[in-house]
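Q: FYI, full-length UniProt numbering numbers position 130 of the sequence shown as 130, with every residue one higher than the one before it. Idealized CB from N, CA, C, for every residue including glycine.
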Amino acid sequence: MKLFHESEGITRRQFFKGAGMLTMAAVISGVFAKFGFDVFAASDDYIAKRAAGLYTLDESMAIRKSHENPEVIQIYQDFLSPGKLECVSPKAHHLLHTKYGQDIPGFIAELKNPHYVHEAEPAANEEASAEEPAA
């Protein structure tokens, strides 16, 4: 006498239960997928509108490019590269690049020193001696 009889395959009831579970899972995942697509579509729409608004604001500005700004040009001519307009001067590179962490106190001390000359900048007497021909 067998107490537990294992049948071959699955019964019709088991088949319908499994099919119902798969259908429910498909419907639920479809609802969540639709919600996800709607969220992404809304965010894409927002990003496109925001970009269009920024471009519209930019077009209405009198000065649109920093290298055409008279104040920036004046700062470069008077301070960052005296006498000429050189945007990649060592002084501009040193002062306009960000410092982080332990570099900040030393940088502040350099800026407070009135006689500070950046290492990459030649001193005035070195320029004069370099221009004179050797005798």
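Taking Cβ positions, are ILE73 and HIS67 nearer each other than 9 Å?
A: For the purposes of this step, residue 73 is identified with residue 73 of the sequence shown, where counting begins at 1. For the purposes of this step, residue 67 is identified with residue 67 of the sequence shown, where counting begins at 1. Contact: yes.
Q: Pick out whichever of SER81, PHE16, LYS49 and LYS99 has its Cα sitting closest to the Cα of LYS91.
A: Residue 91 sits at position 91 when you count from the first residue of the sequence shown. Of SER81, PHE16, LYS49 and LYS99, the residue nearest in Cα terms is SER81.
Q: With 16 as the cutoff for other CB atoms within 10 Å, does SER89 come out buried or exposed?
A: Your numbering for residue 89 matches position 89 in the sequence shown. Buried.
Q: Do you know offhand how far residue 136's Cα is from ILE108's?
A: The chain is shown only over 1 to 135; residue 136 falls outside these bounds and no answer can be derived.
Q: Could you give the DSSP three-state label for SER29: helix, strand or coil?
A: Taking the sequence shown and counting its residues from 1, one reaches residue 29 at position 29. Three-state result, SER29: helix.
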